[in-house]
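Take a look at the structure below.
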Amino acid sequence: MGEELYDTNVLIEKWRRGTRELSGYTTVFNVIEFPKALLIRGLKVLYPDIDDLNLAIRLAKDLMKAGSPVGAVDVIIAAIAIRRGLTVVTTDSDFERIRRVEPRLRVRLYRQTHT
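For the sequence shown, the working numbering begins at 280 and goes up steadily by one.
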């Protein structure tokens with residue numbers, strides 16, 4: 280796919296700044312956290328499948344082994360992104376920790392601007 284998957288924190292920031300149209304993806308977990316995401320035109324919602332969940336389990340085990348566990352939702356979001364070739368756009372450094380155990384994860388840290 281080669282596109283972006285927006286994390287909840289970025290969706291909230293963009294919404295606050297008046298963004299009502301985005302080209303890219305988010306997950307059902309992000310929509311549960313921020314239901315207004317459904318009002319953003321062009322944003323496609325992804326649901327995990329069994330292969331995403333199996334990858335998430337492996338990632339969680341690798342993170343635990345590395346002494347760097349991450350919350351389940353972020354691990355599943357990372358698995359969804361990895362399997363679809365998406366870049367996670369986030370302000371959350373937990374995705375950097377996931378990338379340390381799974382280099383296929385692409386992350387772009389979103390820099391919030393304050394006006």
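Using N, Cα and C, we set each Cβ at its ideal position, and we do this for glycine too.
Just so we're clear, the structure is a prediction, and the values are computed from it rather than from any experiment.
Taking Asp286 as reference, the option from Glu300, Arg363, Glu312, Ala345 with the minimal CA-CA separation is Glu312. Per DSSP, the continuous beta strand (DSSP E) segment holding Glu300 begins and ends at 300-306. Sixteen is the threshold: since fewer than 16 other Cβ atoms of the shown chains lie within 10 Å of the Cβ of Glu282, the residue is exposed. When secondary structure is reduced to three states using DSSP, Glu292 falls in the helix class. Leu388 and Ala351 have their alpha carbons spaced roughly 20 Å apart. Taking a cut-off of 8 Å for Cβ pairs, the stretch 345-364 and the stretch 313-323 do not touch, as fewer than three such pairs fall below it. Per DSSP, the continuous beta strand (DSSP E) segment holding Glu283 begins and ends at 283-285. Counting along the chain, the unbroken alpha helix (DSSP H) around Lys344 starts and ends at 329-344.
For Leu317, the secondary structure class from DSSP, reduced to helix, strand or coil, is helix. One thing to note: Ala357 has its Cβ within 9 Å of the Cβ of Val367. Proximity to Val354 across Gly364, Leu384, Gly346 peaks at Leu384, based on C-alpha coordinates. Secondary-structure assignment with DSSP links Thr366 through a beta bridge to Glu283, Arg385.
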